[in-house]
Each structure stands twice: as C-alpha cells, then as structure tokens.
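Okay, so here's the structure we're looking at.
Numbering (the working numbering), first residue to last: 15 to 515.
This is the structure:
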C-alpha cells in the first residue's frame, strides 16, 4: 500500500505524458490528412538522407516510388515536388498567384541586390513594373527584331573565325563549348552596353578564352537554395565559409556590372539597354535606383548567356550523334535558304525542323533541370492534396521530360515528336524548360532565336565530325557532359558564302 502511494504521482505523470502524446498523434494525423505522400523521415534532418545524387535525379527517383506529387521535409522547410503535366498545370493556372512568390535564401540575401531582380523579388507592384519593363524593352517582338542585327553580326564573327582556322586544313579541332559561350556573351553584353565581351580578333586566342573563363567563373558559380537555408543554425556558425564565399562572389559580380554601367553613363552608348535605364532613372529616380539598374544588368548576364550556350552545345552534340537528323536539318536549310546567303533571324520561321531540334535538345537537357523554386503564400490544393502555406514548390522539369508516361521513348533524340505538338495549349505542360505561369522566363523568345541561329549557321556552313577520342558525343543523360569538341571543315557548297562574310 505504501509502495502504491509512493508511485502514484509517477504513474499519474507518466499517464498524463502518454495521453498528451496520444492526443498530439491523433491531432497531427487528423491535421495531416490528405497531405501529399511522403517517404519516411528522420528527426531533425527530415528527408535529407535521401538526396544522394544531383537533386533533380534524386527527386525523379523518389517520384517513381511516391508518384508525381509528393512532399519532403528538408530540415526546417516543407517542400512540394511535382513532375506531371497535370500537376504542373494546376500549380500555374489555378494556383498561379499562390505560387507567385520566391523563397528567401542566403544566396538571395547576398546575390540579388536585396531581391531587386524581378526573378527573385516578391510578387507585387515592384515585380510587376520590372516585369513590364523586361517584356517591353527586351523581349517584345519589336525589341527582338532590333536585337536580331546584334545576333546576326556576332554569328558572322564566329563563322569568320571558324573559316579562318579551318579553310586550309583537313579538319580543325574546335571547342564548341567555348564558341557557344563567346557567342552568347557577346550578344548580351552588346545589348546591355553596346560593346563586345570578346573582340573578333581575340575569339580564337588564349586571350579570348581567358576572358570567357573569367566571366563564366564570376557569374556561374552555382548558388541557389542550400543547406544553410534548411538548417539556419549552420549559417549562424559560418558553415564551410559559404556565406563568405557568396559575399566574395557578389563583390566580383558587382565590380563587373558597375564597370559596364559606368561606361554607359552620360549617353556614351546610345541605344544600349543601360542607356535606356538611365533615361528611365531621370524620369523615375525613386524606382530606377542604381541598384535596380545593376540588378537588371546582372540578371541579363546570368539568364541570357549560359543557358543559351549550354543548349547550343547540347543540340550540336545530339546532331553529331544522330546523322539522320543532321542531314534532315541541313536539307531543310538548303531548301529554304540556299547556299548563297547566310540564314538570318528572320529566316528562322521558315525552318520548323530546326525549332524541333532545339526543343528536343531543351527537353533532353534542360539548362535548369529544376525550375527556380516557388513559395506558397497561402494554403491551397494540388492534385487533391492539401498544400500548407509557406511550402517551397519544386518543379522537376527534367523528371517530366524523362517520364515514359509523358513522352514515348523519352531517352531518345527524336525531334519529330515536336512536329505535331501544340506548344500553346495543354500539351505545353509536358515541356517546361522555360517555366510556366506568370513567373515563367520572359526571355524564352530571345533564347530560342539565339540558339536556333547558331545551330542553323553551324549546320549550314560546316562539315562536322566526332573527335576520335570520343566514341559518342551524346551527352550522358544522367551526368554533366565534358565540353564538346568536334572536327570542323568548311562545306564545299558554303565556301563562297564564307569567303564573303
């Protein structure tokens, strides 16, 4: 009896704790009912232990087990992952406003001029004004037609260099990765500041390669959502010096951008984008601050160069590994353009198969395999599942493009699959390389023109062969490829054309 009385408080305490746990369990179960399926998680780290490869590959693997809509807990963040056309459509039609925001991150804090770029800024009036500016001044049909002269002159420069180094040789080994990057950088820097990143007489030299290498190293250090965003305590203790590295990278980027901006001050480069921004600053100084001007320049360099260069390289690699497609494209160009003139920006609408080739390259190797993350501003539903407020949305573009339920033989290069596809309607949600909804990439039109012009010109003017050391130039569909090199010689039918450029 004494022992019973002695243990009674302990028994009551344990019973109370057990009852609280039981109530919480059932309350949590009821609350979490109808949430997207999720793998088993671990305390604190959640599902981080499941991410053992590149993120888009890991998410595709999880999708094969849990379906095209599932949720993860990554540290302190809730994440929704979608990879089916119907789920993507629902996210960016019914829930487009809900998912119109971007999550805050350590990289955003340091690399975006305090979120003043329209890609990373919060959804609202500031974003609308910058988005409107980009659409009107950069990516409208009229603006694209004006910048066509820049793209055409820059591709002529690349072709002149290629012709000069290969016309008297059996075959010249060419670094298409470098040439594609040079072409893309020269296009964007010319639009921004009215000058070239690499002058024509530097393109084939070590000087030109050094310039491109430095610029790529400055602007394309990979920073997005990182481990410190999911575990804030790591940021507090300076984990691996990540924050210091970001600050250092931003300093280098800012120096480059600041130099471009200052060179255009005072109307030195009339008609350039920076000159236009200065004119707007005079009329609206409170909005078009110096940081806003630099943020637009920074975004154009990041979004308008590497993505195009990578896709040019991917498309050429695929064509060299698929000679039937290469021949079909060449025949289309010869039939519609001929041998006496170089294809122009205006000719691209006459070359539907070229567009199919570019689309197929983008499908197989999207430059951004995971679309930039979105962030839910309120509770919503996707695929019948409840998605709580403050959930990060990740759209696995690569996973959608490689899904055999969505695409027939998705691992194969088949440009013809796009010939009958209506990109403007529901089938467009199968192909999401440029994103969807109100925060889709506004520069898709410029990107497609840039890529198509380069690939078309290379096919029209030169014969290409695989480098002997490479048995297959196809990009491994699971890993990043090595820079593409190929043997280049002027086409017999294009010698007169090349000699007159």
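For glycine and all other residues, C-beta sits at the position ideal for the given N, C-alpha and C.
Where do the ends of the alpha helix (DSSP H) carrying residue i lie?
i, result
"residue 164", "155-180"
"residue 214", "Unbroken run through residue 214: none, as it is neither H nor E."
"residue 521", "Here the chain has residues from 15 to 515 only, and residue 521 is not among them."
"residue 133", "From DSSP, residue 133 is part of no alpha helix (DSSP H); its letter is neither H nor E."
"residue 412", "411-415"
"residue 192", "190-207"
"residue 401", "Counting along the chain, residue 401 falls outside any alpha helix (DSSP H), though it belongs to the beta strand (DSSP E) covering 399-401."
"residue 272", "256-277"
"residue 318", "304-318"
"residue 281", "Run containing residue 281: none; DSSP gives neither H nor E here."
"residue 249", "246-250"
"residue 221", "220-233"
Going by beta carbon distance, what residues of the same chain come within less than 7 Å of residue i, once the five residues before and after it are set aside?
i, result
"residue 203", "209, 210, 211"
"residue 270", "232"
"residue 134", "116, 122, 126"
"residue 222", "196, 212, 216"
"residue 365", "346, 347, 350, 470"
Nearest-angstrom Cα distance between residue i and residue j?
i, j, result
"residue 395", "residue 410", "18 Å"
"residue 257", "residue 118", "14 Å"
"residue 315", "residue 165", "15 Å"
"residue 296", "residue 121", "31 Å"
"residue 463", "residue 325", "12 Å"
"residue 480", "residue 274", "39 Å"
"residue 432", "residue 199", "29 Å"
"residue 448", "residue 459", "10 Å"
"residue 90", "residue 68", "21 Å"
"residue 240", "residue 340", "40 Å"
"residue 205", "residue 57", "51 Å"
"residue 255", "residue 363", "49 Å"
"residue 139", "residue 292", "21 Å"
"residue 216", "residue 197", "13 Å"
"residue 40", "residue 47", "In this prediction, residue 40 scores a pLDDT of 46, lower than 50, which makes its location untrustworthy; the coordinate-derived value is nonetheless stated afterwards. Taking the straight line joining both Cα atoms gives about 10 Å."
"residue 44", "residue 50", "Bear in mind that the predicted position of residue 44 carries a pLDDT of just 44, short of 50, making it too unreliable to give a figure here."
"residue 178", "residue 283", "31 Å"
"residue 1", "residue 248", "Nothing about residue 1 can be read from this structure; the chain reaches only from 15 to 515."
"residue 380", "residue 454", "14 Å"
"residue 422", "residue 444", "12 Å"
"residue 492", "residue 66", "Legend: pLDDT at residue 492 = 45, less than 50; position of this residue unreliable, no value from coordinates given."
"residue 288", "residue 192", "26 Å"
"residue 406", "residue 398", "18 Å"
"residue 188", "residue 506", "18 Å"
"residue 124", "residue 391", "23 Å"
"residue 485", "residue 499", "Low per-residue confidence applies at residue 485: pLDDT is 46, beneath 50, and the placement is therefore not dependable, though the value from the model is reported in the following sentence. Cα to Cα, the separation comes out at about 12 Å."
From which residue to which residue does the beta strand (DSSP E) around residue i run?
i, result
"residue 500", "499-504"
"residue 445", "Premise fails: residue 445 is in no beta strand (DSSP E) and is neither H nor E."
"residue 477", "476-480"
"residue 396", "394-396"
Going by alpha carbons, who is nearest to residue i out of the options?
i, options, result
"residue 471", "217, 337, 351", "351"
"residue 137", "241, 111, 158", "111"
"residue 306", "227, 147, 157", "147"
"residue 113", "143, 311, 452", "452"
"residue 334", "152, 501, 97, 170", "501"
"residue 368", "263, 414, 465", "465"
"residue 302", "245, 143, 124, 102", "143"
"residue 129", "378, 497, 312", "312"
"residue 71", "413, 456, 450, 319", "413"
"residue 509", "365, 251, 404, 174", "174"
"residue 383", "321, 55, 108", "321"
"residue 424", "376, 401, 226", "376"
"residue 132", "503, 290, 496, 386", "386"
"residue 158", "359, 309, 473, 109", "359"
"residue 100", "149, 298, 420", "420"
"residue 150", "498, 497, 457", "457"
"residue 163", "467, 107, 246", "467"
"residue 243", "93, 402, 418", "93"
"residue 401", "105, 88, 98", "105"
"residue 323", "497, 97, 109", "497"
Which residues in the same chain have their Cβ closer than 8 Å to the Cβ of residue i, if we skip the five residues on either side of it in sequence?
i, result
"residue 511", "353, 354, 355, 356, 475"
"residue 53", "61, 64, 76, 79, 80, 84, 86"
"residue 371", "329, 332, 333, 339, 343, 429, 469"
Excluding the 5 residues preceding and the 5 following residue i in the sequence, name in chain order all residues of the same chain whose CB lies nearer than 6 Å to its CB.
i, result
"residue 415", "377"
Enumerated in chain order, which unbroken segments of the beta strand (DSSP E) with a length of 3 residues or greater are wholly contained in the stretch 334-375?
none
Quick check on the DSSP output: what are the complete alpha helix (DSSP H) runs of length 4 or more inside the stretch 56-120, in order along the chain?
69-80, 99-105
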